[in-house]
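Asks:
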Ligand SMILES: Nc1ncnc2c1ncn2[C@@H]1O[C@H](COP(=O)(O)OP(=O)(O)O)[C@@H](O)[C@H]1O
Ligand SMILES: [Mg+2]
């Protein structure tokens with residue numbers, strides 16, 4: 001098993017069968033020891049965070065596969081905190097696709113002149129570049145096309161998939177009395193078929209979820225959604 005990438009919260013290995021293995025770590029993003037799903041640095045280590053993130057990821061990817069939404073998911077081993085996935089190539093050096101239902105996080109910081117905190121946003125999608133040094137700058141459809149990162153056709157596929165997937169996650173949470181405020185996805189092209197697929201993870205580390213106006217931390221989210 002060859003280690004090909006050491007990420008902030010996961011390591012990526014190539015398996016003998018050509019698939020990738022994602023190993024979920026207990027490291028979570030944040031700053032100064034405080035968890036923040038929008039942060040670009042590892043802020044702290046929480047025991048059990050890796051397995052909890054994987055359990056939620058497994059749960060959501062299985063829901064998506066049932067609905068025939070194209071994803072990289074193959075299977076997961078919770079004990080080992082690993083997930084087997086189909087290899088994908090990312091757009092440029094990687095994009096983050098955010099789906100927003102309420103104004104919080106970087107959206108509120110950027111547009112605070114025009115929105116109030118928590119204002120409803122109706123599955124608003126925006127894309128940022130994965131570029132830690134430049135703090136993940138937002139990028140427009142035209143700029144993505146001009147810089148040959150994503151064609152306009154691909155942009156519209158991403159937009160449709162993002163809203164669909166965001167709404168599925170939102171309704172799964174809503175079944176448990178939890179409200180999704182925003183969520184971050186990653187997409188890539190399936191190395192074999194070229195199809196645009198959802199990659200990476202769907203866990204508490206990539207979303208902001210609230211219950212009665214109270215923010216729910218990733219470990220608690222996993223317990224509330226999946227039970228003990
Ligand atoms: N199916 C896949 N094919 C290729 N790369 C993937 C796939 N799924 C996830 N990745 C990449 O693997 C890395 C996972 O590790 P992570 O710690 O989340 O990294 P990062 O620090 O870049 O967020 C991410 O860079 C993500 O883009
Ligand atoms: Mg990541």
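Residue numbers (UniProt numbering): 1 to 228. Beta carbons are placed, not taken as given, at the ideal position from N, Cα and C, and that holds for glycine.
#1: Given a threshold of 16 other Cβ atoms within 10 Å of its Cβ, counted over all protein chains shown, does residue 203 qualify as buried or as exposed?
#2: Any contact of the segment 62-73 with the segment 137-156, i.e. 3+ C-beta pairs under 8 Å?
#3: Spatial neighbours of residue 91 within its chain, please: C-beta separation below 6 Å, excluding the five flanking residues on both sides.
#4: State yes or no: is the C-beta of residue 182 nearer than 7 Å to some heavy atom of ligand 2?
#5: Can you give the beta carbon distance from residue 172 to residue 209, rounded, assuming they're within the 8 Å contact cut?
#6: State the Cα-Cα distance for the pair residue 142 and residue 156, rounded to the nearest angstrom.
#7: Please confirm whether any heavy atom of ligand 1 lies closer than 7 Å to the CB of residue 9.
#8: Less than 8 Å between the C-beta atoms of residue 134 and residue 118, yes or no?
#9: Helix, strand or coil for residue 146? Go by DSSP, reduced to three states.
#10: Compute the distance between the beta-carbons of residue 30 and residue 43, then report whether it is under 8 Å.
#11: For ligand 2, any of its heavy atoms closer than 7 Å to the Cβ of residue 276?
#12: Entirely within the segment 109-189 and at least 3 residues each: give me those beta strand (DSSP E) ranges in chain order.
#13: Would you mind working out which of 25, 59, 4 sits nearest residue 15, comparing C-alpha positions?
#14: In the segment 59-103, which residue ranges form an unbroken beta strand (DSSP E) of at least 3 residues, counting only runs that do not cross its ends?
Replies: Here's the rundown:
#1: Along the chain shown, read from residue 1 onward, the residue named residue 203 stands at position 203. It is buried - the Cβ of residue 203 has at least 16 other Cβ atoms within 10 Å.
#2: no
#3: Here residue 91 corresponds to residue number 91 of the chain shown, with the count starting at 1. 149, 150, listed in sequence order.
#4: Numbered from its first residue, the chain shown carries residue 182 at position 182. Every heavy atom of ligand 2 is 7 Å or more from the Cβ of residue 182, so no.
#5: Here residue 172 refers to the residue found at position 172 when the chain shown is read from its first residue. Here residue 209 refers to the residue found at position 209 when the chain shown is read from its first residue. That belief does not hold up - the Cβ atoms of residue 172 and residue 209 are roughly 11 Å apart, past 8 Å.
#6: Here residue 142 is taken as the residue at index 142 of the chain shown, counted from 1. Here residue 156 is taken as the residue at index 156 of the chain shown, counted from 1. Distance between the alpha carbons of residue 142 and residue 156: 12 Å.
#7: Mapped onto the chain shown, residue 9 falls at position 9. Flag set: Cβ of residue 9 near ligand 1.
#8: Locating residue 134 in the chain shown gives position 134, where the first residue counts as 1. Locating residue 118 in the chain shown gives position 118, where the first residue counts as 1. No, the pair does not count as a contact, with Cβ atoms beyond the cut-off.
#9: For this step, residue 146 is matched to residue 146 along the chain shown. DSSP places residue 146 in helix when its eight states are reduced to three.
#10: Translated into the one-based positions of the chain shown, residue 30 becomes position 30. Translated into the one-based positions of the chain shown, residue 43 becomes position 43. The answer is yes: Cβ separation under 8 Å.
#11: Here the chain covers residues 1 to 228 and nothing more, so residue 276 does not appear.
#12: 120-129
#13: As a first step, residue 15 is located in the chain shown; it is residue number 15 there, counting from the start. Selected option, being the one with the closest Cα: 4.
#14: 73-77, 82-85, 88-90, 95-102
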